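Respectively, the protein sequence lines represent chains G and B. Quick note on the working numbering: the first sequence kicks off at 25 and runs consecutively. Quick note on the working numbering: the second sequence kicks off at 673 and runs consecutively. See structure below.
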Amino acid sequence: MSSRLVQLRRHGPGRPVPGPAADPTADAGYESVIDRGVDFSAVFADATGRNPDLVLEVPDWETAPADLEERVWRALYEVPDPEFPISLVDLGLVYGVELTEPDRAGDVGVTVTISLTATACPCVEFIKWDIRDRLALEAGVSGVEVHLTWDPPWTTDRVTDRGRDALRRAGVSI
Amino acid sequence: MSAAEAKGFRTAGDVPAELREDLSAVLLSLADNKRLLGMRYAEWLLGAPTLEAGIACSAMAQDEWGHSRIFYAMLKDFELDPGHLEHEREAGEYLNIELLDEPPPEWTGLVALNFLLDSALAVQFESLRDSRFEPLHYKVRKVLEEERFHYEHGRGWLARISETEAGRAALAAAFAPAWNSCLRWFGAPDGELIGRLADAGVCDADSNELRARWLARVGPVVHDAGLDLAARGADGTWRSNSGPDWSDWDGARRRSRGGGPNPGTLAAVRGDKNRTMLMD
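Encoded structure:
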């Protein structure tokens with residue numbers, strides 16, 4: 025079974041404020057185990073003692089997240105693209121987040137709409153699994169759906185400045 | 673009627689019944705042609721004249737299969753089963769141009785597919801970019817963005833091979849049949865599929881106009897390569913030196929009558945060896 029241990033490195037002013045994630049060690053990173061359809065789960069770096077395979081730069085939020093939707097966006101920052109060493113959000117692949125009305129337990133379903141860099145992207149299922157696994161760690165999320173859209177088509181214009189910097193440092197021309 | 677004047681179709685259900693079959697036939701034709709063209713590119717991943725050409729074929733094959741996957745999936749909205757379309761049809765049900773039935777025996781044949789046929793498909797996609805059938809808009813834009821490099825690759829190889837007399841002779845032999853196939857693929861001028869869709873604003877040009885656009889794109893390049901296929905008329909438009917041969921034309925399948933992908937091609941594009949592994 026192949027796996028990647030992702031270490032989050034926070035950049036920016038102010039001190040890191042952990043969000044109300046299900047596990048307070050979430051800020052230390054998490055591991056995505058990629059193996060089609062078999063025991064795909066996320067665990068935390070602290071629990072593994074391993075060196076990270078990928079250091080992912082994420083914003084250093086100055087404030088606690090205002091609501092669940094914001095928390096979902098922050099969590100998505102922690103999902104790396106399978107090929108490029110930046111977050112799906114910085115790559116510009118996340119087009120939208122929608123929440124259902126809370127159920128009786130107060131939990132909500134999350135629908136994340138994404139696009140892909142190429143129509144024949146072979147990583148689409150990996151990306152979907154990584155999103156589902158990361159969001160499943162958030163308190164109050166009862167289920168996750170990932171929708172794919174080509175509207176509008178992804179272009180490099182959608183890559184954030186932070187993403188551009190990280191890609192250039194990794195030797196990817198953009 | 674222009675696309676702008678007509679009320680848009682947001683789903684297949686909005687498309688009038690008499691148009692729905694025509695539209696699904698065009699989408700299936702594009703999906704089938706892309707699926708088979710991708711297979712032809714893939715056959716040259718190894719053994720192309722240069723390593724770079726093989727890698728380019730790998731990338732183009734990936735693009736074509738990505739595009740075909742999108743268009744097979746769109747047909748679900750027309751109450752067709754994409755899994756059946758991709759994996760279970762017989763050769764006679766494919767709507768591919770006859771040019772793709774057999775693998776080209778030489779690299780020049782692959783260049784003909786790359787330059788002539790891929791350009792013909794791009795011309796058809798461009799005519800759907802602002803279609804009255806709105807689900808096409810963004811998908812077509814994404815496809816065309818990826819196709820730009822295919823044209824450049826075909827044009828580059830055409831120019832490169834045409835530098836020698838032997839190269840020009842090989843190109844002439846490979847391009848002649850591909851030329852006639854592509855020329856007529858846009859359809860007969862009257863009463864056919866593309867004309868009906870153009871009248872309804874689903875695509876922005878009829879068969880003759882699409883053919884003219886394709887000639888304007890590929891004509892000057894094949895002419896510069898020394899191939900006797902097209903010439904510029906007195907009015908500046910590009911014309912084919914020979915008319916399409918309609919003798920065995922099947923307007924419904926937009927190909928020669930009968931036939932379809934050969935058995936090896938069919939088995940490969942359907943994934944016959946992988947049936948036990950189909951998961952979704």
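The C-beta atom is built at its ideal place from N, Cα and C for all residues, glycine as well. It should be emphasised that the depicted structure is a prediction, and the values quoted were computed from it without experimental measurement.
Close Cβ partners of residue i (< 8 Å) along its chain, the five nearest in sequence each way excluded
i: G:E125; result: V132
i: G:V196; result: F108
i: B:N786; result: Y713, M732, H822, H825, G826 and W829
i: B:L917; result: Reading off the sequence shown, one finds Asp at residue 917 of chain B, where the question assumed Leu. Here the set comprises N852 and R856.
i: B:L899; result: S834, R840, L843, A844 and F847
i: B:P861; result: G867, D878, S879 and N880
i: B:T683; result: D749 and P807
i: B:S696; result: A684, L747, F750 and L752
i: B:I783; result: Note that residue 783 of chain B is Val in the sequence shown here, rather than Ile. Contacts found: G826, W829, L830, I833, L843 and A846.
Beta-carbon contacts of residue i that lie in its chain and below 7 Å, excluding the five residues immediately before and after
i: B:S701; result: L767 and R926
i: B:R904; result: W910
i: B:G781; result: A846
i: G:G130; result: G164
i: B:R761; result: none
i: B:A884; result: T909
i: G:Y119; result: T137, I138, S139 and T173
i: B:L718; result: G726
i: G:V103; result: S111, L112, D154, I155 and R158
i: B:N705; result: N768, I769, L772 and L793
i: G:E93; result: V121 and L123
i: G:A194; result: P109
i: G:D127; result: S166
i: B:V941; result: R707, L708, M711 and P933
i: B:E715; result: P775
Amino acids of chain B, ordered along the chain, whose beta-carbon sits closer than 8 Å to that of residue i
i: G:P177; result: Y810, R813, K814 and E817
i: G:T143; result: D735, G738, H739, R741, I742, K814, V815 and E818
Contacts that residue i makes with chain B (C-beta to C-beta distance below 9 Å)
i: G:W153; result: Result: empty, since nearest Cβ-Cβ is about 13 Å, beyond 9 Å.
Rounded distance between the beta-carbons of residue j and residue i, thought under 8 Å
i: B:D773; j: B:G932; result: 7 Å
i: B:L788; j: B:A850; result: 5 Å
i: B:L830; j: B:L816; result: No, B:L830 and B:L816 are not in contact; Cβ-Cβ is about 21 Å, not under 8 Å.
i: B:V698; j: B:L869; result: 6 Å
i: G:E149; j: G:V96; result: Contact doesn't hold; Cβ gap of about 20 Å is too wide.
i: G:L123; j: G:V113; result: Contact doesn't hold; Cβ gap of about 17 Å is too wide.
i: B:H737; j: B:G710; result: Note that residue 737 of chain B is Trp in the sequence shown here, rather than His. That pair is a contact at about 4 Å.
i: G:D181; j: B:Y810; result: Actually they do not touch by this definition, with Cβ atoms about 15 Å apart.
i: B:V890; j: B:L691; result: Incorrect: roughly 30 Å between the Cβ atoms, too far for contact.
i: B:S799; j: B:D876; result: 5 Å
i: G:L115; j: G:G167; result: Not confirmed; about 24 Å, so no contact.
i: B:L887; j: B:A902; result: 6 Å
i: B:R820; j: G:P177; result: Contact flag wrong, Cβ pair sits at about 13 Å.
i: G:A144; j: B:Q734; result: 4 Å
i: G:C147; j: G:P106; result: 4 Å
Sequence-distant residues of the same chain with beta carbon closer than 6 Å to residue i, five excluded per side
i: B:Y744; result: A703, P754, L757 and E758
i: B:D858; result: Residue identity differs from the one stated: residue 858 of chain B is Phe in this sequence, not Asp. Cβ neighbours of B:F858 beyond the five flanking positions: S879, L882 and R883.
i: G:V62; result: Because G:V62 sits at a pLDDT of 22, beneath the cut-off of 50, its placement in the model cannot be relied upon, and the following sentence gives the value as read from the coordinates. Answer for G:V62: no residue qualifies.
i: B:E864; result: G923
i: B:L938; result: A763
i: G:T179; result: none
i: B:W779; result: P721
i: B:H739; result: K706 and V815
i: G:P37; result: Residue confidence for G:P37 is low, a pLDDT of 36 falling below 50, so the modelled location carries little weight; the figure read from the coordinates is stated next. Hits under 6 Å: none found.
i: B:P935; result: none
beta-carbon residue i near the ligand GDP non-hydrogen atom, thresh 6 Å
i: G:V168; result: Judged by which ligands are present, the structure shown has none, so any question about the ligand GDP falls away.
- Could you please tell me which residues of the stretch 808-819 of chain B, in chain order, have their CB closer than 8 Å to any CB of chain G? Against chain G - using a Cβ distance shorter than 8 Å - the residues of the stretch 808-819 of chain B are H809, Y810, K811, R813, K814, V815, E817 and E818.
| Chain-ordered residues of the stretch 747-761 of chain B with a beta carbon less than 7 Å from chain G | Taking 7 Å as the Cβ-Cβ cut-off, the stretch 747-761 of chain B has no residue approaching chain G.
**Asked** When Cβ atoms are compared, which residues of the stretch 160-190 of chain G fall closer than 9 Å to chain B?
**Response** Contact annotation: in the stretch 160-190 of chain G, residues whose CB is within less than 9 Å of a CB in chain B are T173, W174, D175, P176, P177, W178 and T179.
- Can you give, in chain order, each stretch of the beta strand (DSSP E) that sits fully within the stretch 65-144 of chain G and has at least 3 residues? Within the stretch 65-144 of chain G, the complete beta strand (DSSP E) segments at least 3 residues long are 66-68, 78-83, 118-123 and 132-138, listed from N- to C-terminus.
Quick one: which unbroken alpha helix (DSSP H) runs of 4-plus residues sit fully inside the stretch 800-875 of chain B? Chain order, please.
Taking only runs of at least 4 residues, the alpha helix (DSSP H) segments lying wholly in the stretch 800-875 of chain B are 808-833, 837-857 and 865-871.
Problem - Segments of 4+ residues assigned as alpha helix (DSSP H) that fall wholly inside the stretch 719-752 of chain B - result: Uninterrupted alpha helix (DSSP H) stretches at least 4 residues long and entirely within the stretch 719-752 of chain B occur at 723-746, given in chain order.
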